[in-house]
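**Q** In full-length UniProt numbering, the protein residues as written are 1 to 72. We put the beta carbon where it would ideally sit given N, CA and C, even for glycine.
1. Residue 43 and residue 51: beta carbons closer than 8 angstroms?
2. Provide the residue span of the alpha helix (DSSP H) that contains residue 61, from first to last.
3. Provide the residue span of the alpha helix (DSSP H) that contains residue 47, from first to last.
4. Roughly how many angstroms lie between the CA atoms of residue 75 and residue 56, to the nearest whole one?
Structure follows, in structure tokens:
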């Protein structure tokens, strides 16, 4: 996306097309394991009334998910 924005003029009126192969893979198949694990821990979400975002297991899952996303 940054590359597309870099070559796009400031007055461009056409929409940009981006390919998101990992997005399509996740929609058709299984979500990454760290994300699945996070869904089982609603207390990790800062959207909840009493979040617990500083748990070590949450931080580990964030790192694992980042690695999965960067591999794709």
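**A** Concretely, from the data shown:
1. Taking 8 angstroms as the Cβ cut-off, residue 43 and residue 51 qualify as a contacting pair.
2. 56-71
3. Element bounds for residue 47: n/a, residue is neither H nor E.
4. Because the chain in this structure spans residues 1 to 72, residue 75 falls outside the shown range and cannot be described.
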